[in-house]
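Residue numbers for the sequence shown, in mature numbering (1 follows the signal peptide of the UniProt record, and there is no 0): -17 to -1, 1 to 446. Here a beta-carbon is modelled for each residue, glycine too, at the ideal position from N, C-alpha and C. One structure is given below, encoded as structure tokens.
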Amino acid sequence: MNLHFLLLSLLLTTANAALNKNASENSAQPPSSLPEHSRPFLPKSPNKDLAIQGPRFNDAHDMTGSQATSIEERNLLDSIKHTTLDAVYKLAAKLRASPRFMFYAMGIFISRLTKKLHKKINLYQWLLYVDKHMFQPCKSHDELLAASSTFFSFFQREFTDIQLAGFFRSLRTYPGLSNLGDWMQTYMATNVATSSAMREAWSWYGDTIDVVFKTLRVENEADLVGSRVVTAWLEYCHARRHVATRDPMINLIALENIVRLLKTTKPDQDLKTVFKTFSGVNGMEEFAKELIEVIEREAQIEAWAAKKVHPSKVYDELELGTTNSIDITRFIQWLRYLQKIQVENDVFVHFSKTIPKGQEIEYASILKDMTLFPDLETFSKDLRSVLYKNWAADTDMTPLMLMKRMTSSVATLSSIDPKRVVLLEYTKYFIIRYNAALWPQFQKIVEKNGIVAAVKFASNVNL
């Protein structure tokens, strides 16, 4: 065994000599700048670049003038580097050398965090070594937590939490390092001191709650109640939804997506209890309450269906149609009930009768927005078709009349605005119903004179 350690020391000396030779030749070269998207992770000090860097061994094209050796020498050094490093790590694995020993023995000096590991061969191989000999042997959550804490300590003194969060997230893009990256992201997200930095990194890179759900491996949690991993994920969900809270429809979609993800992976869990526990987290009371309400609305739909309650009674119970404004959440709950019982009842008749006169475009635009809900997309299209059919049968409900009932000028609406889309959909239905040959002419008028002139033209096709 002593002979093996002696051989390991010799190989380490050879590897560092080869690497340090090249590093000294290129020490005058400034470190390459970071990509645009990584600027938030730049350190405050202008003298401290952001990367982990061992002795530099640049590619041939980086070596110019007096810095470059001959092509043969460079190739030889490169071959020695790779061969020696492979031998070092194979022997280290056999001797079960600790990652900390290998960290210092290989001269992996910390000066900046890099996302170009393919140019830092010694660092990349060391990370693979860490993954295999520090993390993979872990059999319990406590062992994994201890390994993560030890690994984190390698960098903690030199870098800020936000820098480390960005670095650990980047490991997912390298072969063999995705597990290590996920474990370290989970460690930071579940640690009170570093959780906000991890959330900030995810948010900066635009990671969706679905992506973070997979990163944290929430599906592997045996019990969701009180789970720090689940709490970390819900905290990120809460942070992400702030941009959507002004739009009730988008906010509802976000809430239902959270419930859907948990239900898909943990159908046997009592999510209501999970959210009640989460409500104890500071600042999350209202968010937890809204998630619980999603569960309660789903349960209420099941209860109505079991009792075969008439759609009109459900409509009244939800107090829909009592005011000029539309409660999006309750309206969609009622539509989901209609969807559930549509085999037994003529739901399209019930729906058509509930729309107050003068608010046709408002309700139809909500139906258009409902296509954002995966389970309601087809049902929404069917309901809109019924509306258009009923409107077209009414001699007073021309496209022009529908446009006049809009609360805002159609000319000022964007091309993707639900109200504008509904108006165009109905106009197309109206034209095809009465004189399909005029549809190409209508399209030309839209392009040349605008939608208002085109709608006026379309309203006369049935005369």
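Put simply, the backbone Cα of residue 189 is about 25 Å away from that of residue 207.
Rounded to the nearest whole angstrom, the CA to CA distance from residue 272 to residue 279 is 10 Å. By the C-beta density criterion, residue 152 is buried, having at least 16 other C-beta atoms within 10 angstroms.
With respect to residue 354, residue 345 sits apart: the two C-beta atoms are not nearer than 7 Å. Secondary structure note for residue 88: its alpha helix (DSSP H) is the uninterrupted segment 82 to 88. No residue range can be given for residue 191, since it is assigned to no alpha helix (DSSP H) and is classified by DSSP as neither H nor E. From the listed residues 164, 257, 201, 181, the smallest Cα separation to residue 223 is found for 181. Assignment of residue 124 by DSSP, reduced to helix, strand and coil, places it in the helix class.
With contacts defined as CB atoms closer than 7 Å, residue 435 and residue 394 qualify as a contacting pair. Non-local beta-carbon contacts of residue 214 in its own chain, meaning distances under 7 Å to residues more than five positions away in sequence, involve 261, 264 in chain order. Rounded to the nearest angstrom, the gap between the Cα atoms of residue 242 and residue 168 is 23 Å. Contact annotation: residue 72 and residue 108 have beta-carbon atoms nearer than 7 Å. Looking only at 170, 139, 81, the smallest Cα-Cα distance to residue 125 is reached by 170. In the three-state scheme derived from DSSP, where H, G and I count as helix and E and B as strand, residue 205 is classed as coil. CA-to-CA, the gap between residue 200 and residue 443 works out to about 60 Å. Taken in chain order, the complete alpha helix (DSSP H) segments of 4 residues or longer contained in the segment 409 to 446 are 422 to 432, 434 to 441. In this structure, DSSP gives residue 210 a state outside helix and strand, which the three-state scheme calls coil.
Secondary structure at residue 308: coil, using DSSP grouped into helix, strand and coil. Measuring C-alpha to C-alpha distances from residue 187 to each of 203, 176, 166, 150 identifies 150 as the nearest.
DSSP places residue 282 within a helical segment (H, G or I) once states are collapsed to three. Counting along the chain, residue 239 sits inside the alpha helix (DSSP H) bounded by residues 231 to 248. With a threshold of 16 other beta carbon atoms within 10 Å, residue 140 falls short and is exposed.
Positions of the alpha helix (DSSP H) runs, each at least 4 residues long and wholly inside the segment 348 to 380, are given as 360 to 376 in order along the chain. With a contact defined as Cβ atoms closer than 8 Å, residue 236 and residue 356 qualify at about 6 Å.
The residue among 424, 145, 294 with its C-alpha nearest the C-alpha of residue 179 is 145. Apart from the 5 residues on each side of it in sequence, residue 410 sits with its Cβ closer than 8 Å to the Cβ of 382, 425, 437, 438, 441 in its chain, given in chain order. Here the alpha carbon of residue 175 sits roughly 12 Å from the alpha carbon of residue 212. Within its own chain, the residues whose Cβ lies closer than 7 Å to the Cβ of residue 428, once the five positions on either side in sequence are excluded, are 436, 437, 440, listed in chain order. Taking all protein chains in view, the Cβ of residue 420 is surrounded by fewer than 16 other Cβ atoms within 10 Å, so the residue is classified as exposed. Burial state of residue 388 is exposed, judged by a 10 Å Cβ sphere holding fewer than 16 other Cβ atoms. In summary, residue 129 is exposed, with fewer than 16 beta-carbon neighbours lying within 10 Å of its beta-carbon over all protein chains present.
In the structure shown, residue 221 adopts helical secondary structure according to DSSP, grouped into three states.
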